[in-house]
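Student:
Protein chains: 2
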Amino acid sequence: MTGMRKLPTIHATRPGDSSRFLRVEEVDLEFSNGEKRTFERLKGSGLGAVIIVPMRDEDTVLLVREYAVGVERYELGLPKGRLDRDETVEQGADRELKEEIGFGARDLHILTNLSVSPAYMTAMTHVVLARELYPQRLEGDEPEELEVVPWRLAELHRLLAEPEVTDGRSIAALFIAREYLAGRFEPRR
Amino acid sequence: MTGMRKLPTIHATRPGDSSRFLRVEEVDLEFSNGEKRTFERLKGSGLGAVIIVPMRDEDTVLLVREYAVGVERYELGLPKGRLDRDETVEQGADRELKEEIGFGARDLHILTNLSVSPAYMTAMTHVVLARELYPQRLEGDEPEELEVVPWRLAELHRLLAEPEVTDGRSIAALFIAREYLAGRFEPRR
Chain A
458 MTGMRKLPTI
468 HATRPGDSSR
478 FLRVEEVDLE
488 FSNGEKRTFE
498 RLKGSGLGAV
508 IIVPMRDEDT
518 VLLVREYAVG
528 VERYELGLPK
538 GRLDRDETVE
548 QGADRELKEE
558 IGFGARDLHI
568 LTNLSVSPAY
578 MTAMTHVVLA
588 RELYPQRLEG
598 DEPEELEVVP
608 WRLAELHRLL
618 AEPEVTDGRS
628 IAALFIAREY
638 LAGRFEPRR
Chain B
458 MTGMRKLPTI
468 HATRPGDSSR
478 FLRVEEVDLE
488 FSNGEKRTFE
498 RLKGSGLGAV
508 IIVPMRDEDT
518 VLLVREYAVG
528 VERYELGLPK
538 GRLDRDETVE
548 QGADRELKEE
558 IGFGARDLHI
568 LTNLSVSPAY
578 MTAMTHVVLA
588 RELYPQRLEG
598 DEPEELEVVP
608 WRLAELHRLL
618 AEPEVTDGRS
628 IAALFIAREY
638 LAGRFEPRR
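If you read the sequences in order, they're chains A and B. Residue numbers for the first sequence, in the working numbering: 458 to 646. Residue numbers for the second sequence, in the working numbering: 458 to 646.
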């Protein structure tokens, strides 16, 4: 199942500073017992992000294989992206779907919120279940077309064994969607 | 189930720059189709981190409630932490357990690796299942004692509804451990 696509070439890397969307912040804290600490955290854009669980049918989710520069390889996971200004969570999820997998969704349902890393990142990601898909492609800022990989929800345990599958939020969102679709989990709102 | 502990006071926040453990890096990329992009990513310490699934008995995992400055509230999740230099994954997991929940483990088993955010972070987290616990506390750098919360693995769907539970890696690691303990998932190595 390992992708055959050639990895991008890295021409250069250099230190960046407080930049487009990664801004480091220091926070001076005093705990209720009087202990003081200075912690660092990463400020997000504040707009939040979406991760989408697109269901092709009742049993089959559509995954994408996308180059991830953090880990320098192709990662197999759920479509996701940052929300644009003046866009609802559902609109952002629908747009990302159209850009990344070439489908829109007539039924979009927010399941929960996930943090990227609660201890040192402010960013939150909405988990959106997308159903009743129909073909429609939107041009995004993706450097290349993404490979779409259908996967049966009943086979999530096999997905865990794939070396390309490491994204905690994708894995969490898939199990959350499976619990929801089995009627065992009700969203908070 | 919301924690009763008073939140720490934030005395000050200020921009940080390439710092102790959060360093922003720019990467110039060329994809196999010739498209060029400059992406940003966050460089980790390179030592990696551990997230531990500590089993008090066959059915019960021990969670911790810990203040998370990224989201500015207490988060309920699995014990975790960065590895120290010259420490194996198992040694780091055992140390973090002793510091955070006051237990050591006679049986430590690496289940998989999770990325924090593969698209823009280099950091990887080892998921370690810890069994055969015994009481032993180590002094760590925690500003306050962490509250330990037992939770039944059969009740993970109820955990998802808790507003204090948002950490993708914790949720993923819990479901991975449950699949492993049910005999449905075999670690890659």
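For each residue, glycine too, the CB sits at the ideal point set by N, CA and C.
Tell me, which residues are paired with Ser572 of chain B by DSSP?
Tutor: Sequence index remark: in the second sequence, residue 572 of chain B carries index 115 (1-based). DSSP, once it has assigned bridges, lists A:Asp624 and B:Met581 as partnering Ser572 of chain B.
Student: Have a look at B:Glu487, B:Arg462, B:Tyr591 and B:Glu599 and flag the residue whose alpha-carbon is nearest the alpha-carbon of Phe496 of chain A.
Tutor: Along the first sequence, read from residue 1 onward, the residue named residue 496 of chain A stands at position 39. Of the candidates B:Glu487, B:Arg462, B:Tyr591 and B:Glu599, the one whose C-alpha sits nearest the C-alpha of Phe496 of chain A is B:Glu599.
Student: Closer than 9 Å by beta-carbon distance: list the chain B residues that pair up with Ile441 of chain A, in chain order.
Tutor: Any question about residue 441 of chain A goes unanswered here, given that chain A covers just 458 to 646.
Student: Kindly say whether Val521 of chain B, judged by its beta-carbon, lies nearer than 8 Å to any beta-carbon of chain A.
Tutor: Position 64 of the second sequence, counting from 1, holds the residue named residue 521 of chain B. Closer than 8 Å: no.
Student: Using a beta-carbon distance below 8 Å, is Ala611 of chain B in contact with chain A?
Tutor: Taking the second sequence and counting its residues from 1, the one referred to as residue 611 of chain B is at position 154. So, not an interface residue.
Student: Among B:Leu554, B:Pro472, B:Arg635 and B:Ser572, which residue has its Cα nearest to the Cα of Tyr531 of chain A?
Tutor: By 1-based counting over the first sequence, the position of residue 531 of chain A is 74. Checked all of B:Leu554, B:Pro472, B:Arg635 and B:Ser572; the closest Cα to Tyr531 of chain A is B:Ser572.
Student: Would you call the stretch 547-558 of chain B in contact with the stretch 506-517 of chain B, where contact means no fewer than 3 C-beta pairs closer than 8 Å?
Tutor: Because the criterion of three Cβ pairs below 8 Å is met, the stretch 547-558 of chain B and the stretch 506-517 of chain B touch.
Student: On the DSSP letters alone, give me the boundaries of the beta strand (DSSP E) that Lys555 of chain B sits inside.
Tutor: In the second sequence, residue 555 of chain B corresponds to position 98, counting from 1. Run containing Lys555 of chain B: none in the beta strand (DSSP E); it sits in the alpha helix (DSSP H), Val546 to Glu557.
Student: Would the beta-carbon of Gly527 of chain A fall within 8 Å of that of Ala576 of chain B?
Tutor: Residue 527 of chain A sits at position 70 when you count from the first residue of the first sequence. Residue 576 of chain B sits at position 119 when you count from the first residue of the second sequence. Cβ atoms of Gly527 of chain A and Ala576 of chain B: closer than 8 Å.
Student: Determine which residues share a DSSP beta bridge with Tyr637 of chain B and list them.
Tutor: Position 180 of the second sequence, counted from the start, is the residue given in the question as residue 637 of chain B. For Tyr637 of chain B, which the question treats as bridged, DSSP gives no partner whatsoever.
Student: Cβ closer than 7 Å: which chain B residues qualify as neighbours of Ala629 of chain A?
Tutor: Locating residue 629 of chain A in the first sequence gives position 172, where the first residue counts as 1. Those within 7 Å of Ala629 of chain A in chain B are Gly625, Ile628 and Ala629.
Student: Using 8 Å as the cut-off, can you tell me whether the stretch 590-606 of chain A makes contact with the stretch 539-549 of chain B, which would need three or more C-beta pairs spanning the two stretches below that distance?
Tutor: At 8 Å Cβ cutoff, the stretches do not touch.
Student: With H, G and I counted as helix, E and B as strand and the rest as coil, what does DSSP make of Phe632 of chain B?
Tutor: By 1-based counting over the second sequence, the position of residue 632 of chain B is 175. If DSSP states are grouped into helix, strand and coil, Phe632 of chain B belongs with the helices.
Student: If we cut at 8 Å on Cβ distances, does Tyr577 of chain A have a partner in chain B?
Tutor: On the first sequence, residue 577 of chain A is found 120 positions in, with the first residue counted as 1. It does: the Cβ of Tyr577 of chain A has a partner Cβ on chain B nearer than 8 Å.
Student: Buried or exposed: where does Asp624 of chain A fall if 16 or more other Cβ atoms within 10 Å of its Cβ makes it buried?
Tutor: Start at 1 with the first residue of the first sequence, and residue 624 of chain A comes out as number 167. Result: buried.
Student: Rank A:Val605, A:Leu464, A:Ile628 and A:Leu586 by C-alpha distance to the C-alpha of Leu613 of chain A and give the top, closest one.
Tutor: As a position in the first sequence, residue 613 of chain A is number 156, starting the count at 1. Comparing Cα-Cα distances from Leu613 of chain A to each of A:Val605, A:Leu464, A:Ile628 and A:Leu586, the minimum goes to A:Ile628.
Student: Is any beta-carbon of chain A found at less than 8 Å from that of Gly559 of chain B?
Tutor: As a first step, residue 559 of chain B is located in the second sequence; it is residue number 102 there, counting from the start. No, Gly559 of chain B does not count as interfacial toward chain A.
Student: Mind checking who Gly538 of chain B pairs with in its DSSP beta bridge?
Tutor: In the second sequence, counting from the first residue as 1, residue 538 of chain B sits at position 81. Partner(s): B:Val507.
Student: Output the boundary residues of the beta strand (DSSP E) element that contains Lys479 of chain B.
Tutor: Translated into the one-based positions of the second sequence, residue 479 of chain B becomes position 22. A quick correction: the sequence has Leu, not Lys, at residue 479 of chain B. Leu479 of chain B -> no beta strand (DSSP E), and no H or E assigned at all.
Student: With a cut-off of 8 Å, do at least 3 Cβ pairs link the stretch 560-572 of chain B to the stretch 486-494 of chain B?
Tutor: Cβ pair count under 8 Å is below three, so no.
Student: How would you list, in chain order, the residues of chain A whose beta-carbon sits under 7 Å from the beta-carbon of Gly527 of chain B?
Tutor: The residue you call residue 527 of chain B lines up with position 70 of the second sequence. Neighbours of Gly527 of chain B on chain A, chain order: Arg498, Ser572, Ser574, Pro575, Ala576, Tyr577, Met578 and Thr579.
Student: Can you name the residues that DSSP bridges to Pro465 of chain A?
Tutor: Against the first sequence, residue 465 of chain A aligns to sequence position 8. Pro465 of chain A is not bridged to any residue.
Student: Could you work out which residues of chain A lie near His468 of chain B, taking near to mean beta carbons separated by less than 9 Å?
Tutor: As a first step, residue 468 of chain B must be located in the second sequence, where it is residue number 11. Neighbours of His468 of chain B on chain A, chain order: Val484, Asp485, Leu486, Glu487 and Lys493.
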